[in-house]
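Before any comments, here is the structure.
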Amino acid sequence: MHDTVLAVDRIAKRYGDVVALDGMTFDVRAGELFGFVGSNGAGKTTTMRIVLGVLAADAGEVRWRGRPITLADRRRIGYLPEERGLYPRMRVLDHLVYLGELHGMGTNAAIGAAERWISRIGLRAHRDDRVQQLSLGNQQRVQLAAALVHAPEALVLDEPFSGLDPVAVDVLAAVLRERAEAGVPVIFSSHQLDLVERLCDRVGIVRSGRMVACGTVDELRAGGSARLTVTAPQAPPGWADGLPGVRVLGTEGPRTLLELADGADDQSVLRAALATGPVQEFSRHRPSLTELFRDAVTAETRAA
Amino acid sequence: MSEPEPGSGRTVLLVARREFRTRVRSRSFAIGTGLIVVLLAGLVLMQSLLFGRSEHTTVGLAGQATALAAPLRSTAHTLGRDVDVQEVTGPAAGVEAVRSGRLDALVTGAPDALRVTVKDQLDGTVRAALVSIVQQQVLDAQFAEVGLDPKQVSQNVAAAGIRVTALEPADPQRGQRLALGFVTAFVLYFSLVFFGSAVAQGVVEEKSSRVVEVLLATVRPWQLLAGKVLGLGAVGLLQLLVIGAAGVGLATATHALPVPGAALGALGAGVLWYLLGYFLYATVFAAAGSLVSRQEDVQGVLTPIILVIAVAFVVGVNLLLRDPADPASTVLSLLPPFAPVLMPGRIAAGVAPAWQVLLAVLLALAAIAALTWLGGRIYAGAVLRTGARVRLRDALR
Numbered sequence: 009m010h011d012t013v014l015a016v017d018r019i020a021k022r023y024g025d026v027v028a029l030d031g032m033t034f035d036v037r038a039g040e041l042f043g044f045v046g047s048n049g050a051g052k053t054t055t056m057r058i059v060l061g062v063l064a065a066d067a068g069e070v071r072w073r074g075r076p077i078t079l080a081d082r083r084r085i086g087y088l089p090e091e092r093g094l095y096p097r098m099r100v101l102d103h104l105v106y107l108g109e110l111h112g113m114g115t116n117a118a119i120g121a122a123e124r125w126i127s128r129i130g131l132r133a134h135r136d137d138r139v140q141q142l143s144l145g146n147q148q149r150v151q152l153a154a155a156l157v158h159a160p161e162a163l164v165l166d167e168p169f170s171g172l173d174p175v176a177v178d179v180l181a182a183v184l185r186e187r188a189e190a191g192v193p194v195i196f197s198s199h200q201l202d203l204v205e206r207l208c209d210r211v212g213i214v215r216s217g218r219m220v221a222c223g224t225v226d227e228l229r230a231g232g233s234a235r236l237t238v239t240a241p242q243a244p245p246g247w248a249d250g251l252p253g254v255r256v257l258g259t260e261g262p263r264t265l266l267e268l269a270d271g272a273d274d275q276s277v278l279r280a281a282l283a284t285g286p287v288q289e290f291s292r293h294r295p296s297l298t299e300l301f302r303d304a305v306t307a308e309t310r311a312a
Numbered sequence: 061m062s063e064p065e066p067g068s069g070r071t072v073l074l075v076a077r078r079e080f081r082t083r084v085r086s087r088s089f090a091i092g093t094g095l096i097v098v099l100l101a102g103l104v105l106m107q108s109l110l111f112g113r114s115e116h117t118t119v120g121l122a123g124q125a126t127a128l129a130a131p132l133r134s135t136a137h138t139l140g141r142d143v144d145v146q147e148v149t150g151p152a153a154g155v156e157a158v159r160s161g162r163l164d165a166l167v168t169g170a171p172d173a174l175r176v177t178v179k180d181q182l183d184g185t186v187r188a189a190l191v192s193i194v195q196q197q198v199l200d201a202q203f204a205e206v207g208l209d210p211k212q213v214s215q216n217v218a219a220a221g222i223r224v225t226a227l228e229p230a231d232p233q234r235g236q237r238l239a240l241g242f243v244t245a246f247v248l249y250f251s252l253v254f255f256g257s258a259v260a261q262g263v264v265e266e267k268s269s270r271v272v273e274v275l276l277a278t279v280r281p282w283q284l285l286a287g288k289v290l291g292l293g294a295v296g297l298l299q300l301l302v303i304g305a306a307g308v309g310l311a312t313a314t315h316a317l318p319v320p321g322a323a324l325g326a327l328g329a330g331v332l333w334y335l336l337g338y339f340l341y342a343t344v345f346a347a348a349g350s351l352v353s354r355q356e357d358v359q360g361v362l363t364p365i366i367l368v369i370a371v372a373f374v375v376g377v378n379l380l381l382r383d384p385a386d387p388a389s390t391v392l393s394l395l396p397p398f399a400p401v402l403m404p405g406r407i408a409a410g411v412a413p414a415w416q417v418l419l420a421v422l423l424a425l426a427a428i429a430a431l432t433w434l435g436g437r438i439y440a441g442a443v444l445r446t447g448a449r450v451r452l453r454d455a456l457r
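Residue numbers (this note's numbering), protein chains in the order written: chain A, 9 to 312; chain B, 61 to 457.
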């Protein structure tokens with residue numbers, strides 16, 4: 009059985025007449041990286057704020073290890089809010105120690121952890137600088153350390169990769185992997201879908217305050233159909249129309265992108281293509297997360 | 061791991077410690093405190109100059125006392141005071157001159173039984189000079205007789221004195237007490253406005269920098285508010301004690317206050333009322349601050365609160381200086397919004413009976429309980445709403 013640490017159960021939230029969350033449900037298990045994706049305004053940030061208790065849900069429940077979450081549980085979560093914020097005039101080390109202590113660490117333990125994280129994120133030279141003296145990228149690193157300093161038992165990170173340079177992205181990705189391997193569940197939202205696909209064990213796609221797809225990238229693909237890319241320069245427009253189980257997604261010069269329904273025969277497509285003349289490319293591929301995401305979002309739009 | 065509310069006390073203490081350290085280490089704290097001490101020193105100095113201003117005294121002599129002109133002048137001179145001596149045609153004219161202020165004192169009567177008439181009080185140096193002259197007179201008279209008991213002589217000399225009549229007698233400490241009341245009210249007014257504003261600015265800083273979201277993910281709003289209020293209150297108390305100690309020290313050193321006990325009493329009352337006033341206003345300031353998200357908007361929400369304290373100070377001080385026992389200032393000094401500035405002023409001026417002080421303290425405590433509850437609710441409701449100014453009604457929902 010999976011060891012569920014954090015469960016979000018049918019959370020609803022309205023801002024006046026605007027429905028922000030409408031039955032949001034998912035869970036995160038020990039040692040898993042959970043990617044939280046969705047368009048702007050889909051409800052990712054609102055969900056995270058409700059998990060951390062800085063916002064109250066209208067209905068539904070957040071559970072920690074099977075029971076309703078309390079403030080004591082929330083102190084064991086590392087949180088990176090969407091709107092970054094630190095005391096501008098506090099020194100980096102002092103700030104991390106302070107946050108460690110607020111999360112219940114003893115002073116010495118907090119100092120030790122703060123020093124370690126400062127080294128880990130590459131800010132040793134700025135240890136005694138005031139936060140406002142740092143560049144925005146470095147402030148972002150401090151903010152990440154602030155979410156990690158108290159050795160949290162779960163991580164909830166809103167867009168942790170935005171604003172980081174490629175080196176910092178790699179450092180953070182490694183840190184998140186390592187935390188997950190230590191058994192810490194990690195939820196993070198991102199618009200960098202390739203990164204999410206590469207990093208995450210499971211992905212949840214959010215639209216209009218609901219989870220529309222949730223599972224491993226392979227599980228999400230299973231629902232989708234195979235795709236073919238065919239490059240046949242002499243093929244007339246509409247050459248693939250009418251082939252059984254085939255839908256034309258688009259053409260791009262000599263290239264045609266096709267979607268195969270379950271059980272459709274790709275060899276009959278190849279034969280039809282060869283009938284038009286030479287075929288320079290014929291490839292079958294599985295949809296990327298970006299394509300799955302686009303499908304999930306547009307499917308809903310078409311339904312709406 | 062089983063405690064439901066992990067260490068509330070420790071959390072509040074941590075927040076308070078951060079506030080205290082940040083503020084006490086800041087340059088503005090040192091400069092501000094220094095500035096007030098200098099201001100206070102200036103006031104005390106001015107005070108001692110004002111009260112010791114009559115370096116030059118004019119004394120009128122009438123009747124037999126005219127004989128004293130030369131000894132009075134020389135005795136006063138050895139005591140470090142220039143005395144102008146005028147002969148007055150008669151006691152009646154002399155009294156008139158004293159009343160109008162042309163004479164500081166009128167001396168009449170036989171040299172061994174002088175009578176002195178003054179407007180309110182006799183200058184200490186002139187008094188000393190006159191007494192020594194009279195005693196000299198008595199001594200001379202005693203020497204003229206023979207076979208006297210030396211003990212009897214010294215008793216007679218000690219008994220010799222002058223009789224002082226004041227035309228418009230006044231409490232000799234009235235001026236000093238009023239000044240003390242004024243200074244106390246001023247320092248309290250300043251402390252309340254300064255540290256109340258500091259609370260509001262701290263709240264807005266956390267809101268505008270968004271750090272409040274990280275904090276409130278691990279700390280309850282009331283813990284954050286309580287820590288901030290306690291931490292900044294402690295800084296204010298520290299500053300008040302530094303200023304108070306400097307003030308009492310200066311006053312004692314320059315003898316500006318004949319009664320050092322009065323200064324200590326004023327300091328004690330000042331500290332008590334600072335605490336009452338600070339806790340009365342702090343959550344109101346915090347609630348006001350939590351309604352806005354930008355430092356530029358702070359002034360707008362703070363102005364009404366500061367205005368109330370300023371009115372208490374300006375109106376109160378005016379009433380106090382005119383007549384400390386005035387019923388209007390009595391009533392105002394009992395009301396919680398004004399009491400923290402007015403009551404310590406009246407206590408320092410020595411015109412507040414114990415029952416009024418007690419009543420004012422009780423009313424203030426009740427107001428603190430009510431405002432802390434209300435302010436805490438507004439703060440908790442508004443502190444996470446960034447962007448436009450939060451309406452009071454929305455914050456309370």
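Note that the Cβ used here is the ideal one computed from N, Cα and C, for glycine as well.
For the segment 107 to 120 of chain A, the beta-carbon criterion of a distance under 8 Å to any beta-carbon of chain B is satisfied by Leu107, Glu109, Leu110, His111, Gly112. Residue burial is scored here from C-beta neighbours: alanine 182 of chain A has fewer than 16 other C-beta atoms within 10 angstroms and is therefore classed as exposed. Taking CB atoms only, arginine 270 of chain B has a neighbour in chain A less than 8 Å away. The contact set of leucine 456 of chain B on chain A, defined by CB atoms closer than 9 Å, is empty, because the minimum CB distance reaches about 15 Å. Under the three-state reduction of DSSP output, threonine 278 of chain B falls in the coil class, being neither helix nor strand. Listed along chain B, no residue sits closer than 7 Å to alanine 38 of chain A by beta-carbon distance, the nearest being about 17 Å off.
Taking a contact to require three or more Cβ pairs closer than 8 Å, the segment 52 to 69 of chain A and the segment 222 to 240 of chain A do not qualify as touching.
Interface annotation, glutamate 273 of chain B: in contact with chain A, CB-CB separation under 8 Å. As the crow flies, the alpha-carbon of threonine 177 of chain B is around 7 Å from that of valine 155 of chain B.
Listed along chain A is no residue with a C-beta nearer than 7 Å to that of leucine 290 of chain B; the closest approach is about 16 Å. Below the 9 Å Cβ cutoff, chain B contributes Arg270, Glu273, Val274, Ala277 as neighbours of proline 89 of chain A, in chain order.
At least one beta carbon of chain A lies nearer than 8 Å to the beta carbon of arginine 78 of chain B. For proline 96 of chain A, the C-beta contacts it makes with chain B under 7 Å involve Ser269, in order along the chain. One alpha carbon belongs to serine 88 of chain B, the other to asparagine 48 of chain A, and they sit about 43 Å apart.
Sequence-distant partners of threonine 225 of chain B (beyond 5 residues in either direction) whose C-beta falls short of 8 Å from its own C-beta, in its chain, are Arg175, Val176, Thr177, Val178. Of all C-beta pairs linking the segment 381 to 400 of chain B to the segment 336 to 345 of chain B, three or more are shorter than 8 Å, placing the two stretches in contact.
Residue range 358 to 382 is occupied by the alpha helix (DSSP H) that includes phenylalanine 373 of chain B. When the five nearest sequence neighbours on each side are left out, the beta carbons in the same chain lying within less than 8 Å of the beta carbon of leucine 276 of chain B are those of Leu284, Val443, Leu444, in order along the chain. In the structure shown, alanine 448 of chain B falls within a coil segment according to DSSP collapsed to helix, strand and coil. Arginine 71 of chain A and arginine 83 of chain A have their C-alpha atoms spaced approximately 14 Å apart.
In the three-state DSSP reduction, arginine 82 of chain A falls in the helix class (H, G or I). Within chain A, the residues Val62 have their CB atoms less than 7 Å from the CB of leucine 444 of chain B, given in chain order. By the criterion of a C-beta distance shorter than 8 Å, glutamine 288 of chain A is surrounded in its chain by Thr239, Ala240, Pro241, Pro262, once the five residues flanking it on both sides are discounted.
Cβ-Cβ separation between glycine 51 of chain A and glycine 217 of chain A: approximately 4 Å, consistent with a contact (criterion under 8 Å). Take the alpha-carbon of leucine 63 of chain A and the one of leucine 163 of chain A: they are about 17 Å apart.
Between the alpha carbons of valine 45 of chain A and cysteine 222 of chain A lies a distance of about 10 Å. Beta-bridge pairing by DSSP links arginine 215 of chain A to A:Arg218. Shown here, proline 210 of chain B sits in a helix according to DSSP, grouped into three states. Not flagged as an interface residue toward chain A: leucine 351 of chain B, since no C-beta distance is shorter than 8 Å. Rounded to whole angstroms, the separation of the alpha carbons of glycine 309 of chain B and glycine 325 of chain B is 14 Å. Below the 9 Å Cβ cutoff, chain A contributes no neighbours of threonine 314 of chain B, its closest Cβ being approximately 40 Å away. Looking from the CA of arginine 128 of chain A, the closest CA among A:Phe169, A:Leu94, A:Asp178 belongs to A:Asp178. Contact of leucine 252 of chain B with chain A is not assigned, every C-beta pair being separated by 8 Å or more. Just measuring C-alpha positions, the residue of B:Asn216, B:Gly120, B:Leu100, B:Val344 sitting nearest alanine 152 of chain B is B:Gly120.
Under the three-state reduction of DSSP output, serine 296 of chain A falls in the coil class, being neither helix nor strand. Closer than 8 Å to the CB of leucine 452 of chain B there is not a single CB belonging to chain A.
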